[in-house]
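Student:
What follows is the structure, given as C-alpha cells:
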C-alpha cells in the first residue's frame, strides 16, 4: 500500500500509484455471486498472473475492470476498481477507459472485416488516417501476435473466416493495436500450438517494459514462466496473492494454493 | 493550475489529483455517439408519432361532423348512405358495414381453409426444393398490388361469374370475396407457416417415437401447439380484408345494399371513401362524414392488430 | 411385420389422403393465380411495345402509351424512399442497438405493427389532412410520396432490424472492448455486414410503394395530365392509378389496353420482389463468419 510505505518521497509515492487498485470487488449475475470481496492491486510494468480452476471468477474479474457490466444488465458490480487512480464506476467516458485497456478472451472473435481492417480498426478509431503509418502498425501487431507470416499474403481476406487459433492471435494483435496501458489476457493460448505460444510469451516479456499485463491462465506453469506476482482465485474468492516464486516454492498462506499449484485439484 | 513542468511530464501524478483524468474527458467521439443516439431515438419514436398523427389528423377533419350532424343511432343503424341528397342527407353506414362484412366473411371462408392447408403442407409435408419453390411463389403472390386484383375481378372474374351462374352482374359479393380471399391467403399462409415452424422439433419427435403417423402428429401435437400463431394469422387476414380498398372498390359493384345473396352487389366502407372523397368540398358534412368512417376503420383495425399481436406473443411467452 | 396389421395399413392410407388433400389445397391456392397471370400475359402482352412504354396517352387515354404514368410512379417511389429509408434505418438501429427491453420499446413495436395494418385508405385520409391541407403541400408528388413513405415505413424497419440482429453480439462486444463507441461499432462493423440485408428490404419497399393506389388518389396522383411534373409540388400520373382509371373511368376503352397496363405494373412489382428474394438467397448462401 502506498500509505504503508512512509520512507518513499512524495514524487515516488505518486509514481508508485498502482495501475489497478481493486477494493472489496464483488460481482453477481442475476443474484448469483461470481466473485466476492476481492482486494488486490496491479503495479505499473508488471505481469500479474491470475490462476485458478474454472468458475473461480477470473473472467468476471477482467469484465469488471473493462466495465463490461454495461453490456449485460444481469451483471452487478460492487466495490471499487481504480484505474490510474480513477474510480471506474464514476467514469463518464467509458470508451476512453476501454481504449486504454486491451483485452483478449478465450473465445476468439475475428471481426467480419479484412484481416488488415481488424488490426487497423483501433488506430483508425483513435484518429490515425495515414496509410503508411497504419501499414506499420498492422505489421508490427501481427508480428507480435505471431500471425504475420501466415497471413501477410492475404491481408484482404475476412478475419472472421480464419481458423480458431489464427483468430485467437488476430484478437491479440487487435488488442495490441490499441497500444493499451494495460493488457488483459484470458487463457490466450487455449487454441494456439505450444511453439507459437512460446513466441507470444516472449513478446509479452518484452512488452512488460512498456505496459502492464494481467495474465489469466489455467496453466500454472505459464503463470510461473511469465508472472511477477500471482493471485490464486478459487470459488469466487481471491485466496492468495504473492510473488510467483513464493507460490511455486510452497511459501503460501493457504494450503489450497499449494494443492492447486502442485496439481492436486483443478 | 500552477505551472509545474514536472507534473506535466508525469500525467499520472495529475490524474491522481484530478478525478476527471485525461482518458475520462468527453471527447468528440463521445459527443458524436450521443448525437447519434438521439437521432436514432427520434427515428424510433417516429412510428409512435405517425400512429398518433394519423389518429389526430383524421379526427381533426372528422371532428366537425362528430359534433354536428353525427348521430350514433343513424350512423351505425341506418342503412341509408345518402350524403348528396338535396335537403335531407342521411349518413348511415349499416349497409356499408354489411358490405364490408359480407365480402370479408366470404374471403375468410375461402382463405382460412386454403391458407392453413397450404401452410401445413409447406411446413410439414413438402421438403427441399418443392418447399423453397412454394414459399417463393406464396411470397410473390402476396406482392401483387391490390389495384391489379381489382382489375382481375373486373376484367376476368366478372365475365366468368356472369357465364357460370347466369346472373346479370358479375361484380358482387362472390367476386370480391373470392378476389379478397386469394389476396389475403398468401400472407396468412406465410404467417401460419412461421407459426408451425416455431413448434420445436422435439414435440414432433416425441410423438413420432410413440408411433403416431405424420398426420396424427400434426393434428394432435403441432396444430394445438401452434394454435395462437395460427389464430394470429387469421386475425391479420381479417384485418387485411377489412381494410382493403382498391380491390373491393372495383369488384363489389359498388352499390349500397344489405346483401341477401352472394350475387348481390354491395359497397364497402373503404371503397366509399375512395370513391367519394374526390367529389366532396373540404369541410363539408359529407367530407367530414368520410373522415368519420376513417376513424371507425382506424379504430377497428387497431383493435384487430392489437389482438393479433397479443395472441401471437402469448404463444411465445408460454 | 408392422405393415401387415390392418391398423397400420389404414394409417398409411389416411396419411396418403391427407397429403393429397393438403397438396391439392396448396395447388388450388397457387394455380388460379398462375392462370390469371397467364391471362394477363396473353391479353396484355401483344400491346406492349417500345412505343407503349415511352409515349403519352392519346385520344382521351384510349390509345397511345403510358410513359407519364411510368415516370410518375418512379418519381413517387424515389421521393418516398428519400423520406422513409433514412427514417426507417434510424428506427431499426434504435430498436436493434439501443432500445432497452421496456414498455416504451413495446409501444414502438406495436406502433410499427399498426402502421403496417392501418387500411391504405386511412393513410390516404391522413395524407389529405396532414400533408395536403395542414402542411399546405397541396395535391403534389411531395404529399403523395410522404403518405407512401409513412405507409411503407414498417417494411424498411422490419427488414433492417432483422439484418442488424443477424450480426452476432460477440462482434459488437469485441468492438466495444477496444474502446469503440456504440456508433463507431455500428458504422464500422454492424452496418457494413447488414447493408445487403437492408437493401433487400428497400427493394421490397419499392415494390410495395409502386403498387399502392389508394394513398395517392387524393394526395398527388392525377387521372390525366397533359404534361410531365416539373417539381415535387406538381401532381403526377401514376401507373397504379392509371390502371384504375383506364379500367373503370373511361368509356370506349379498347379491351387490351388495361391488360397491358396491368401487365407492366405487375411485371415491375414482381421483378422487384424476385430481385429481393434472389438477393436474400444469395446472402443466405454466403459465409461471412
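Protein chains in written order, with this note's numbering: chain A, 631 to 896; chain B, 201 to 518; chain C, 866 to 1154. All C-beta atoms, glycine included, are put in the ideal place defined by N, C-alpha and C.
#1: Count the other CB atoms, across all protein chains shown, that sit within 10 Å of the CB of residue 333 of chain B; report buried if there are 16 or more and exposed otherwise.
#2: Excluding the 5 residues preceding and the 5 following residue 282 of chain B in the sequence, name in chain order all residues of the same chain whose CB lies nearer than 7 Å to its CB.
#3: At a Cβ threshold of 8 Å, is residue 1053 of chain C touching chain A?
#4: Would you kindly work out how many angstroms separate the C-alpha atoms of residue 688 of chain A and residue 852 of chain A, rounded to a whole number?
#5: How would you call residue 691 of chain A, buried or exposed, if buried means at least 16 neighbouring beta carbons within 10 angstroms?
#6: Thinking C-alpha only, which one of C:1017, C:1108, C:1069 is nearest residue 1139 of chain C?
#7: So residue 198 of chain B and residue 437 of chain B are in contact, right, with Cβ under 8 Å, and what is the actual spacing, rounded?
#8: Report yes if the C-beta of residue 505 of chain B is less than 7 Å from at least one heavy atom of the ligand PLP; otherwise report no.
#9: Closer than 8 Å, CB to CB, is residue 1154 of chain C near chain A or not?
#10: Where DSSP assigns a beta bridge to residue 281 of chain B, which residues make up the other side?
#11: Give me the DSSP bridge partner(s) of residue 679 of chain A.
#12: Residues in the same chain with beta-carbon distance under 7 Å from residue 1107 of chain C, minus the five sequence neighbours each way, listed in chain order, please.
#13: Which whole runs of the alpha helix (DSSP H) in the region 427 to 462 of chain B are 4 residues long or more, in chain order?
#14: Between residue 894 of chain C and residue 314 of chain B, how many whole angstroms is the CB-CB distance? I'm expecting something under 8 Å.
#15: Identify the continuous alpha helix (DSSP H) that holds residue 1032 of chain C and give its terminal residues.
#16: I'd like the list of long-range same chain contacts for residue 651 of chain A, defined as Cβ closer than 7 Å, with 5 residues on each side in sequence excluded.
#17: Is it right to say residue 874 of chain C is buried, meaning 16 or more other beta carbons lie within 10 angstroms of its own, or is it exposed?
#18: I'd like the list of long-range same chain contacts for residue 881 of chain C, defined as Cβ closer than 7 Å, with 5 residues on each side in sequence excluded.
#19: Please confirm if residue 1157 of chain C has its CB atom under 8 Å from at least one CB of chain A.
#20: From residue 738 of chain A to residue 855 of chain A, what distance separates their C-alpha atoms?
#21: If you count every other CB in all the chains shown that lies within 10 Å of the CB of residue 726 of chain A, and 16 or more means buried, which is it?
#22: Using a C-beta to C-beta distance shorter than 7 Å, which residues of chain B count as neighbours of residue 1020 of chain C?
#23: In chain order, which continuous runs of the alpha helix (DSSP H) of length 4 or greater are located wholly inside the region 756 to 815 of chain A?
#24: Is there a C-beta anywhere in chain C that falls below 8 Å from the one on residue 752 of chain A?
#25: Taking only beta-carbon positions, decide if residue 325 of chain B is within less than 8 Å of chain C.
#26: State the Cα-Cα distance for the pair residue 900 of chain C and residue 1136 of chain C, rounded to the nearest angstrom.
#27: Would residue 296 of chain B and residue 467 of chain B qualify as a contact pair, given that the criterion is a beta-carbon distance under 8 Å?
#28: What is the DSSP secondary structure of residue 839 of chain A, counted as helix, strand or coil?
#29: Taking contact to mean at least 3 C-beta pairs separated by less than 8 Å, is the region 744 to 752 of chain A in contact with the region 802 to 813 of chain A?
#30: Report the neighbours of residue 261 of chain B on chain C: residues whose CB is nearer than 8 Å to its CB, in chain order.
#31: Closer than 8 Å, Cβ to Cβ, to anything on chain B: give me those residues from the region 717 to 740 of chain A, in chain order.
#32: Do residue 991 of chain C and residue 292 of chain B have their C-beta atoms closer together than 8 Å?
#33: Which residues of chain A have a Cβ atom closer than 7 Å to the Cβ of residue 464 of chain B, listed in chain order?
#34: Do you know whose CA, among C:1000, C:904, C:1049, lies nearest residue 355 of chain B's CA?
#35: With distance defined between alpha-carbon atoms, name the residue in C:1115, C:1081, C:1122 nearest to residue 993 of chain C.
#36: Can you give me the start and stop residues for the alpha helix (DSSP H) that residue 266 of chain B sits inside?
Tutor: On the basis of the data shown:
#1: exposed
#2: 289, 290
#3: yes
#4: 16 Å
#5: buried
#6: C:1069
#7: Lying before the first or after the last residue shown, residue 198 of chain B is absent from chain B, which here runs from 201 to 518.
#8: Absent from the structure shown: the ligand PLP. Ligands present: none.
#9: yes
#10: B:291
#11: A:845, A:860
#12: 931, 934, 1126
#13: 427 to 443, 446 to 451
#14: 5 Å
#15: Here residue 1032 of chain C belongs to no alpha helix (DSSP H), and DSSP marks it neither H nor E.
#16: 671, 712
#17: exposed
#18: none
#19: Because chain C in this structure spans residues 866 to 1154, residue 1157 of chain C falls outside the shown range and cannot be described.
#20: 23 Å
#21: buried
#22: Residues of chain B passing the Cβ test: none, with the nearest at roughly 11 Å.
#23: 761 to 774, 778 to 781, 794 to 807
#24: yes
#25: yes
#26: 18 Å
#27: yes
#28: coil
#29: yes
#30: 990, 993, 994, 998
#31: 717, 720, 721, 722, 723, 725, 726, 727, 729, 730
#32: no
#33: Those within 7 Å of residue 464 of chain B in chain A number zero; the least Cβ separation is about 59 Å.
#34: C:904
#35: C:1081
#36: 228 to 267
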